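Residue numbers (the working numbering): 140 to 527. Yeah, the Cβ is synthetic: ideal placement off N, Cα and C, and Gly gets one too. None of the values given here were measured: they were computed from a predicted structure. Written out below as structure tokens is the structure these notes cover.
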Amino acid sequence: MRRDKNLSVLFYLFLTLWVAALIYQILALGSLARFSRMPLPSLSGHSHPGVTVLKPVRGVGADTRECLTSFLNQAYAPFQVLFGVADPQDRVIPLLKELQSSFPEVDVEILVCQANLGLNPKVSTLRQLEPQARYDYLVISDSDIKVGPDYLQQVVAALQEPGVGLVTCPYRAGKMRSLGAAFEALSISADFIPSVAVAYYVEGISFGLGATLALSRQVLAQSGGLAVLADYLADDYQLGNRVAQVGYQIRLLPYVVETHASEETFIGYLAHQLRWARTYRVCRPRGYFAYGITQVLIFALCTWLFSGLAPWALGIVFATIMVRGIVAYGSEHRLLQGQLPWPYLALVPLKDLLSFGLWLLSFMGDKVRWQGKLYRVKPSGELDRISR
């Protein structure tokens, strides 16, 4: 009898958690719908100040040329693009020189940034690029990002809105050439973008997304500059957070860019997700713990289990799978206008189970592997290298 009572308590506990998680999914759907209707900023009445794009580059992938070309093919003037490469033997350098020759009308410079200015190689490169920037407005973007020709117009217009200190953009997955890339696309559309949309409307965001970090030199200096980010893995989060702390608004622009990690392996996907999870847990411990409430499929399965495998509770599981599919579809095809094929939506339940496992694993250590090196993530969010 005592066992039955314990099972009953667990049943009602997981049923309550399922209801809370379902409410979150509904809130996510509403936030996605609201964000998809948000108009882009009006370009009329805005000046066209000069912009410098800071672009750290490493290696050549299948879509590197396409991504880098998109930043040179901008319907905006004046602008400058600074490509930074840490390794003078990097095989991307010939491609960069070719692009420089192909776009003589664009102010393009290629800089070899060999100095090691911290544990984050991207930030190290950015610190060496920034002094060469010709203009006051800076746009930082990862090398695997592809944008449209009106990208700089939209970003600069948003950056000139009163009170805005940093502009950032949501992103979708580009071409998918592997199972890992498909799961990455699902994680973006089913989990990450809905959570960003909810945060934006519920409390406002105090972080940036590495796909786009646009700000002025003045705001960058007020937030501490790039040097303070030298040893942080989540440099995009830290930069946005520091801009928010000095009183500026973080503007989430409804302009979707593309990330191209098309050749990522499934193991690479899992490693990337675990690295992100442990970093997020350190940066926002309370928020990350509360993120567990989004695990609606786990709660549905536990409700079914502790109901004694009742048929009606199995209906909760199927209804949950349907809701998760709707969230993923609404995010990927309505808001992000992505390319994820319909059949891949059937993988959402498996992705959700993997996500729960990774969420648990994130509490079981503080080590992450990044670019072949092992680090410990300190409570401050900074990295401590523990192997070469």
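Range of the contiguous beta strand (DSSP E) that encloses residue 394 = Indexing the sequence shown from 1 puts residue 394 at position 255. Neither: residue 394 is in no beta strand (DSSP E) and is coded neither H nor E.
Among the residues of its own chain, which have a CB less than 7 Å from the CB of residue 370, if the five just before and after it don't count?
-> Numbered from 1 along the sequence shown, position 231 holds the residue referred to as residue 370. Apart from the 5 residues on each side of it in sequence, residue 370 sits with its Cβ closer than 7 Å to the Cβ of 257, 258, 259, 521, 522 in its chain, given in chain order.
Can you tell me where the alpha helix (DSSP H) with residue 522 in it begins and where it stops?
-> Along the sequence shown, read from residue 1 onward, the residue named residue 522 stands at position 383. In the DSSP assignment, residue 522 falls outside any alpha helix (DSSP H) and lies within the beta strand (DSSP E) extending over 522-524.
From what residue to what residue does the alpha helix (DSSP H) around residue 494 run?
-> In the sequence shown, residue 494 corresponds to position 355, counting from 1. Taken as a continuous stretch (DSSP letters only), the alpha helix (DSSP H) holding residue 494 covers 487-500.
Three-pair Cβ contact test at 8 Å for the segment 230-247 versus the segment 336-344 = No, they do not touch.
Cutoff 7 Å; reference residue 533; Cβ partners in own chain excluding five residues on either side | Residue 533 cannot be examined here, being either before or after the span of the chain that is shown, 140 to 527.
Option nearest residue 476 by Cα separation, candidates 445, 175, 161, 181 | The sequence position of residue 476 within the sequence shown is 337, counting from 1. Taking the Cα of residue 476 as reference, the smallest distance to any Cα among 445, 175, 161, 181 is reached at 175.
Closest Cα partner of residue 254 within the set 242, 244, 267 = By 1-based counting over the sequence shown, the position of residue 254 is 115. Of all alpha-carbon atoms in 242, 244, 267, the one lying nearest the alpha-carbon of residue 254 is that of 267.
Can you give me the Cβ contacts of residue 445 inside the same chain, cut-off strictly under 7 Å, excluding the 5 residues immediately before and after it?
-> Here residue 445 corresponds to residue number 306 of the sequence shown, with the count starting at 1. A distance below 7 Å between beta-carbons, with the five flanking residues on each side excluded, links residue 445 to the following residues of its chain, in chain order: 146, 149, 150, 153.
With a 10 Å radius around its C-beta and 16 neighbouring C-beta atoms as the bar for buried, classify residue 519 as buried or exposed.
-> Along the sequence shown, read from residue 1 onward, the residue named residue 519 stands at position 380. With fewer than 16 other Cβ atoms within 10 Å, it is exposed.
Are residue 541 and residue 191 closer than 9 Å when you measure CB to CB?
-> What is shown of the chain runs 140 to 527, which leaves residue 541 out entirely.
When you compare only the Cα positions, how much space is there between residue 454 and residue 467?
-> Looking up residue 454 in the sequence shown gives position 315. Looking up residue 467 in the sequence shown gives position 328. Between residue 454 and residue 467, the C-alpha separation is close to 20 Å.
Taking buried to mean at least 16 other C-beta atoms within 10 Å of its own C-beta, is residue 244 buried or exposed?
-> Locating residue 244 in the sequence shown gives position 105, counting from the first residue. Its Cβ having fewer than 16 others within 10 Å, residue 244 is exposed.
Three or more C-beta pairs closer than 8 Å, one from the segment 384-403 and one from the segment 304-311: is that the case here?
-> When Cβ pairs closer than 8 Å are counted between the two stretches, the segment 384-403 is seen to touch the segment 304-311, the count reaching three or more.
Would you report the Cα separation of residue 346 and residue 411, rounded to the nearest angstrom?
-> The sequence position of residue 346 within the sequence shown is 207, counting from 1. The sequence position of residue 411 within the sequence shown is 272, counting from 1. Annotation: residue 346 to residue 411 spans about 19 Å, alpha carbon to alpha carbon.
Chain-order list of residues whose beta-carbon lies under 7 Å from that of residue 400 (same chain, five-residue window excluded) | Position 261 of the sequence shown, counting from 1, holds the residue named residue 400. Around residue 400: 283, 320, 323.
Helix, strand or coil for residue 163 per DSSP?
-> On the sequence shown, residue 163 is found 24 positions in, with the first residue counted as 1. Secondary structure at residue 163: helix, using DSSP grouped into helix, strand and coil.
Same chain, Cβ closer than 6 Å to residue 298, five either side skipped, listed in chain order | As a working mapping, residue 298 is identified with position 159 in the sequence shown. Correct list, in chain order: 306, 353.
Using a Cβ-Cβ cut-off of 8 Å (strictly less than) and excluding sequence neighbours within five positions of residue 384, which residues of its own chain qualify?
-> Locating residue 384 in the sequence shown gives position 245, where the first residue counts as 1. Within the same chain, Cβ atoms closer than 8 Å to the Cβ of residue 384 are found at 345, 362, the five residues on either side in sequence being excluded.
Going along the chain, which residues of its own chain have a beta-carbon closer than 6 Å to the beta-carbon of residue 340, five neighbours each way excluded?
-> By one-based count along the sequence shown, residue 340 stands at place 201. For residue 340, where only same-chain residues beyond five positions count, the Cβ hits under 6 Å are 170.
If you scan the segment 213-245 from start to end, which runs of the alpha helix (DSSP H) of 4 or more residues do you find wholly inside it?
-> At a cut-off of 4 residues, the continuous stretches assigned as alpha helix (DSSP H) that sit fully inside the segment 213-245 are 232-241.
Candidates 221, 396, 506, 300: closest to residue 288 by CA position | Here residue 288 is taken as the residue at index 149 of the sequence shown, counted from 1. Among 221, 396, 506, 300, the Cα nearest to that of residue 288 belongs to 396.
Check each candidate in 230, 248, 407, 201 and name the one with the smallest Cα separation from residue 211.
-> Locating residue 211 in the sequence shown gives position 72, counting from the first residue. Checked all of 230, 248, 407, 201; the closest Cα to residue 211 is 248.
What did DSSP end up calling residue 176 once you bin it into helix, strand or coil?
-> In the sequence shown, residue 176 corresponds to position 37, counting from 1. Residue state for residue 176 is assigned as coil, using DSSP reduced to three classes.
Cα-Cα separation, residue 83 to residue 394 | No statement about residue 83 is possible, as the shown extent of the chain runs from 140 to 527 and does not include it.
With 16 as the cutoff for other CB atoms within 10 Å, does residue 530 come out buried or exposed?
-> Absent from the model: residue 530. The displayed extent of the chain is 140 to 527, so no value can be given.
Find the nearest neighbour of residue 326 within the set 281, 498, 380, 277, judged by alpha-carbon distance.
-> Counting from one through the sequence shown, the residue named residue 326 turns up at place 187. Taking each of 281, 498, 380, 277 in turn and checking the Cα distance to residue 326, the smallest one comes out for 498.
Just the Cα atoms here: how many angstroms apart are residue 429 and residue 422?
-> Taking the sequence shown and counting its residues from 1, one reaches residue 429 at position 290. Taking the sequence shown and counting its residues from 1, one reaches residue 422 at position 283. Distance between the alpha carbons of residue 429 and residue 422: 13 Å.
First and last residue of the uninterrupted alpha helix (DSSP H) at residue 404 | Reading the sequence shown from its first residue, position 265 is the one you call residue 404. Here residue 404 belongs to no alpha helix (DSSP H), and DSSP marks it neither H nor E.
Identity of the residue in 458, 471, 351, 330 nearest residue 490 by Cα | Your numbering for residue 490 matches position 351 in the sequence shown. Closest option to residue 490, Cα to Cα, is 330.
Segments of 4+ residues assigned as alpha helix (DSSP H) that fall wholly inside the segment 334-391 | For the segment 334-391, the full-length alpha helix (DSSP H) segments reaching 4 residues or more read 356-361, 374-384 along the chain.
Report the rounded CA-to-CA distance for residue 230 versus residue 449, giving the unit in angstroms.
-> Along the sequence shown, one-based indexing puts residue 230 at 91. Along the sequence shown, one-based indexing puts residue 449 at 310. Cα-Cα distance, rounded: 59 Å.
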